[in-house]
Amino acid sequence: MTPPEPAVGVVVPTRNAVAYIGRALASVLSQEPPPADVVVVDAGSTDGTCEVVAATAGVRLVEQSGVGLGAARNQGVEAVAGELVAFCDADDRWAPGALVVRMRHVLADPACDAVIGSVVMEPIDGSDTPQAQIGRLGEPLPGFTPGALMARRRTLERVGPFSEHLTIGTDSEWFVRLVQSGLRCDRLDQVVLHKGARAGSLSTDVTAYRRELLTVARSYVAHRRRRDRSGG
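Structure, rendered in structure tokens:
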């Protein structure tokens with residue numbers, strides 16, 4: 002008898018995303034096979050987001066206890082069930098087949114610790130597209146963002162939690178640590194994530210993003226120097 006495939010848990014952080022959360026959840030729940038568990042971590046929404054989530058079958062809603070995106074991701078990872086873990090932000094949506102292509106790739110090789118697919122940025126109806134993002138619309142890009150990632154739970158444990166001190170740079174900092182860990186993260190050409198481009202999202206705060214990326218870069222350089230001195 003063929004053993005059952007490991008369960009996939011999905012973490013969806015959100016705050017005041019009533020206009021987008023429904024399509025994000027639909028894109029996750031419509032996957033074949035569907036995820037075993039979907040946890041929405043809400044950071045105090047006041048616009049009806051929680052009502053939409055509560056009315057969606059197959060989704061669990063938890064109230065965020067910490068502050069910031071990193072804390073939401075960490076709480077979601079702790080709460081969600083599944084040997085494989087994936088993410089979808091409330092203003093993004095998974096492409097058809099996004100779950101199965103990543104799951105099958107990881108399971109095909111026990112040495113594969115994580116996998117990312119490609120990402121396409123798309124405009125969101127009813128929201129202005131930031132000027133800085135217009136040139137990237139529709140262009141497949143490597144998915145160094147949690148929404149394109151699927152990782153074994155042991156991988157998340159080895160890399161460690163998302164930074165709760167950074168706001169915009171928490172995802173970049175985590176991927177830097179993934180690379181530094183020496184764990185194997187494969188890349189797929191297939192588009193697995195449609196990332197919403199909208200005014201007011203964290204990524205549009207260019208000044209803060211550059212400041213936090215500089216912090217991430219300094220940490221990376223310091224790590225390399227320590228490793229070189231130790232001969233590791």
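By the count of the working numbering, the sequence shown reaches residue 233 at its end, each step adding exactly one.
Even glycine gets a Cβ: it sits at the ideal position worked out from N, Cα and C.
From a predicted model like this one, the values you see are computed outputs, not experimental measurements.
No Cβ-Cβ contact shorter than 7 Å links Phe176 with Arg74.
Spatial neighbours of Pro36 in its own chain (CB-CB distance under 6 Å, excluding positions within 5 residues in sequence) are listed in chain order as Val9 and Val11. Phe176 sits in a helix when the DSSP states are folded into three classes.
Of the candidates Ala18, Ala44 and Cys113, Ala44 places its Cα closest to the Cα of Gly67.
The secondary-structure analysis by DSSP pairs Cys186 across a beta bridge with Ala115. The continuous beta strand (DSSP E) containing Glu64 extends over residues Arg61 to Glu64. The beta carbons of Glu165 and Gly71 sit closer together than 7 Å. In this structure, the straight-line span from the alpha carbon of Leu108 to that of Val102 is close to 10 Å. Per DSSP, Gly45 lies in no beta strand (DSSP E) segment and is marked neither H nor E. According to the DSSP assignment, Leu70 belongs to the alpha helix (DSSP H) that extends over Leu70 to Ala80. Between Ala198 and Pro147, the beta carbon gap of about 17 Å keeps them out of contact (Cβ cut-off 8 Å).
Here Gln32 carries a coil assignment [DSSP, helix/strand/coil]. In this structure, the beta-carbon distance from Asp38 to Lys196 does not fall below 7 Å. For the options Val60, Leu85 and Ala56, the alpha carbon positioned closest to that of Leu150 is the one of Leu85. DSSP places His166 outside both helix and strand once states are collapsed to three, so it counts as coil. When the five nearest sequence neighbours on each side are left out, the beta carbons in the same chain lying within less than 8 Å of the beta carbon of Leu184 are those of Asp114, Ala115, Thr156, Arg159 and Val160, in order along the chain.
In the displayed model, Arg153 falls within a strand according to three-state DSSP. In this structure, Leu30 lies near Gly59, with their beta-carbon atoms less than 7 Å apart.
Counting along the chain, Ala55 sits inside the alpha helix (DSSP H) bounded by residues Thr50 to Ala55. Our two residues, Gly83 and Ala152, have alpha carbons roughly 10 Å apart in a direct line.
Taking a C-beta distance under 7 Å as the contact criterion, Ile117 and Arg24 do not qualify as a contact pair.
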